[in-house]
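Quick notes on the structure that follows.
In the numbering used here, the protein residues as written are 44 to 576.
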């Protein structure tokens with residue numbers, strides 16, 4: 044058996060090659076990989092010795108040769124193919140071990156030059172991978188270090204690779220080449236090319252939206268059904284999922300997650316991880332129905348649950364602190380579909396053993412201080428499928444800061460009201476438009492979501508607060524978009540609000556400001572809206 048090894052990422056390659064050699068496999072290699080193996084005392088044959096043609100053009104041409112591709116592509120079951128190999132003195136290559144130049148890692152670096160990007164486009168590697176993957180019945184193709192163990196296990200057990208493993212390796216190889224080519228396409232079609240600046244040090248400007256968008260998603264699992272039982276569904280994750288995103292979570296117990304579970308869980312997790320204080324978010328049908336901060340997980344949950352106990356039934360709960368025994372005891376009293384947290388204490392896990400169907404998800408929070416949306420555990424781009432098309436936009440990652448608030452009324456908000464306004468505004472960002480959120484004391488008091496009229500959203504929030512036995516007197520209100528007329532302000536003030544946050548920007552802003560002064564309430568403009576459809 045002949046194995047050709049040519050890897051950019053050399054993690055684990057020496058041990059793998061040593062194990063192959065021990066199994067009687069002849070080692071062929073190129074450039075730096077060959078030097079490394081020889082240095083480790085392994086007998087290795089240089090590809091140039093096989094091809095009788097030297098590496099040239101700074102290594103750009105070394106494996107692009109009939110003696111390599113003939114050995115990979117020849118079908119062993121076709122006499123004509125084997126005769127052609129014999130006629131031209133070509134040996135078969137039975138195992139190809141290749142990982143590609145690090146194009147993705149290169150272009151991800153700040154200050155990457157166009158020259159560096161181009162130089163890290165692998166040519167010979169993908170060509171060999173495609174040849175071996177096409178001929179999967181006869182050739183095993185290894186494109187990642189995490190495949191080494193499976194390959195060695197079968198070689199040790201049977202002296203060859205099974206059809207099942209070779210086919211799986213082939214599929215993985217074509218997927219890798221597709222990802223690689225997609226990354227190159229994404230990069231090059233995003234470059235704002237300026238010929239007059241062209242040099243080896245040229246760092247091009249790049250568009251956020253490339254000329255061609257190539258999605259790279261890996262299937263996590265098939266789902267029982269989609270949004271409704273007559274729809275099929277599957278869950279995919281990014282090729283490189285952001286730390287602290289729902290795709291990085293681990294399910295500790297409970298039934299299999301459903302399509303709606305995942306969608307609602309994502310809404311809850313994205314909201315709760317935006318808070319620095321201990322926080323709890325309860326979501327039902329993609330909308331927060333209760334949000335609160337507290338001194339710990341138990342207090343935060345208790346306050347969030349008060350907002351709308353009816354909607355919380357069968358909801359999704361997310362906490363940004365570990366769930367301890369006390370919190371678990373309280374939460375277990377309600378019917379919950381999914382409970383997410385950065386961790387669960389042994390006492391909490393013991394409590395939920397009696398609730399075997401509750402889905403517990405452990406998701407590590409992203410590290411603080413990340414410079415990019417990805418490092419902060421956020422999406423950089425959001426997508427919405429439309430008929431025969433795709434809408435892409437930068438994700439709504441805007442975070443309101445205190446200096447952004449512009450007081451537009453005679454009455455100034457108190458410090459306590461400002462704190463509640465900041466809290467309410469953060470919640471409103473995650474509520475479907477039109478969104479009206481009443482808050483007080485670090486908890487939601489009434490949430491109105493998803494109505495065609497902002498007035499109806501305000502009325503629904505009041506109705507929900509009344510049903511939950513909560514008074515809206517002295518609350519603050521956040522509206523995700525401006526009030527186009529004074530009637531919206533009158534409705535929330537009639538309900539008991541004494542301070543309002545809204546984006547501003549309406550033709551009738553002054554009319555609304557005058558109404559606020561007339562009603563004796565404070566109002567601030569944020570300068571940004573948070574439509575969420």
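Backbone N, C-alpha and C define an ideal beta-carbon position, used for all residues, glycine too.
Buried or exposed: which applies to residue 111, given that a residue is buried once 16 or more other Cβ atoms fall within 10 Å of its Cβ? Burial state of residue 111 is buried, judged by a 10 Å Cβ sphere holding 16 or more other Cβ atoms.
Just the Cα atoms here: how many angstroms apart are residue 426 and residue 96? Answer to the nearest angstrom: the Cα atoms are 49 Å apart.
Apart from the five residues on each side of it in sequence, which residues of its chain come closer than 6 Å, Cβ to Cβ, to residue 315? These residues qualify, in order along the chain: 322, 324, 361 and 363.
Continuous beta strand (DSSP E) stretch holding residue 278: start and end: 276-281 is the span of the beta strand (DSSP E), which, as asked, contains residue 278.
DSSP-derived helix/strand/coil call for residue 586: No information on residue 586 is available, as it lies outside the stretch 44 to 576 that the chain covers here.
Contact check, residue 479 vs residue 549 under 8 Å by CB: the rounded distance? The Cβ separation is near 16 Å, so there is no contact.
Which residue marks the beginning of the beta strand (DSSP E) containing residue 89, and which one marks its end? Segment 87-89, the beta strand (DSSP E) holding residue 89.
Could you tell me the distance, in whole angstroms, from the CA atom of residue 265 to the CA atom of residue 279? Spanning the two alpha carbons is a distance of roughly 9 Å.
Runs of beta strand (DSSP E) wholly within the stretch 136-173 (minimum 3 residues, chain order): Unbroken beta strand (DSSP E) runs of no fewer than 3 residues, entirely contained in the stretch 136-173, are found at 138-142, following chain order.
Rounded C-alpha distance that separates residue 525 from residue 552: If you draw a straight line from the Cα of residue 525 to the Cα of residue 552, it comes to about 8 Å.
DSSP state of residue 556 mapped onto helix, strand, coil: Residue 556 falls in the helix class under three-state DSSP.
Just to confirm, are residue 408 and residue 424 a CB contact at a threshold of 9 Å? Residue 424 sits away from residue 408, with the two beta carbons spaced by 9 Å or more.
Residue 353 versus 211, 395, 512 and 576, residue with shortest Cα-Cα distance: Nearest in C-alpha terms to residue 353, of all of 211, 395, 512 and 576, is 512.
Is it buried or exposed for residue 166, if we count other Cβ within 10 angstroms and need 16 for buried? Burial call: exposed.
In chain order, which continuous runs of the beta strand (DSSP E) of length 3 or greater are located wholly inside the stretch 44-74? Within the stretch 44-74, the complete beta strand (DSSP E) segments of 3 residues or longer fall at 45-50 and 69-72, listed in chain order.
Straight-line Cα distance separating residue 300 from residue 141: When rounded, the distance between both Cα atoms is 36 Å.
Is it true that the stretch 339-359 meets the stretch 368-380, where meeting means three or more beta-carbon pairs spaced less than 8 Å apart? In short, these stretches touch, since the Cβ pair count reaches three.
In three-state DSSP terms, what is residue 380? DSSP places residue 380 within a strand segment (E or B) once states are collapsed to three.
Among 447, 260 and 256, which residue has its Cα nearest to the Cα of residue 545? When only C-alpha atoms are compared, the closest one is 447.
I'd like to know if the stretch 196-209 and the stretch 122-134 are in contact, where contact means that at least 3 CB-CB pairs between them fall below 8 Å. Contact between the stretch 196-209 and the stretch 122-134 is absent: fewer than 3 CB-CB pairs across the two stretches fall below 8 Å.
Sequence ranges, beta strand (DSSP E) only - wholly within the stretch 301-334, length at least 3: If we require 3 residues or more, the beta strand (DSSP E) runs fully inside the stretch 301-334 come out as 322-327.
Considering only their Cβ atoms, is the gap separating residue 312 from residue 406 smaller than 9 Å? Between residue 406 and residue 312, the gap from beta carbon to beta carbon is short of 9 Å.
Would you report the Cα separation of residue 341 and residue 476, rounded to the nearest angstrom? Straight-line Cα distance between these residues: approximately 30 Å.
If you follow the alpha helix (DSSP H) that residue 123 is in, where does it begin and where does it stop? Per DSSP, residue 123 belongs to the alpha helix (DSSP H) from 122-130.
Enclosing alpha helix (DSSP H) for residue 354 [first to last residue]: Note, residue 354: alpha helix (DSSP H), 352-355.
What number of angstroms, rounded off, separates the C-alpha of residue 565 from the C-alpha of residue 384? Annotation: residue 565 to residue 384 spans about 36 Å, alpha carbon to alpha carbon.
Among 483, 183 and 147, whose alpha-carbon lies nearest the alpha-carbon of residue 336? Among 483, 183 and 147, the Cα nearest to that of residue 336 is on 483.
With 16 other Cβ atoms within 10 Å as the buried cut-off, status of residue 574: The residue is exposed, with fewer than 16 neighbouring Cβ atoms inside 10 Å.
Unbroken beta strand (DSSP E) runs of length 3 or more, entirely within the stretch 234-283: which are they? Under the rule that a run must span 3 or more residues, the beta strand (DSSP E) segments found entirely inside the stretch 234-283 read 260-266 and 276-281.
Buried or exposed for residue 161, please, with buried defined as at least 16 other CB atoms from any protein chain shown within 10 angstroms of its CB. Residue 161 comes out exposed.
Rounded to whole angstroms, what's the CA-CA distance from residue 155 to residue 47? Just pull it up for me. Between the alpha carbons of residue 155 and residue 47 lies a distance of about 31 Å.
Going by Cα to Cα distance, which pick from 487, 481 and 571 is closest to residue 537? Among 487, 481 and 571, the Cα nearest to that of residue 537 is on 481.
Is the stretch 167-175 in contact with the stretch 238-249, if contact means three or more CB pairs nearer than 8 Å? Fewer than three Cβ pairs drawn from the stretch 167-175 and the stretch 238-249 lie within less than 8 Å of each other, which leaves the two stretches out of contact.
Reduced DSSP secondary structure (H/G/I, E/B, other) of residue 431: Annotated three-state conformation of residue 431 is coil, per DSSP.
State the beta-bridge partners of residue 362 as determined by DSSP. Residue 362 is bridged to 323.
Should residue 252 go down as buried or exposed, given a rule of 16 or more other Cβ atoms within 10 Å for buried? When all chains shown are included, residue 252 counts as exposed.
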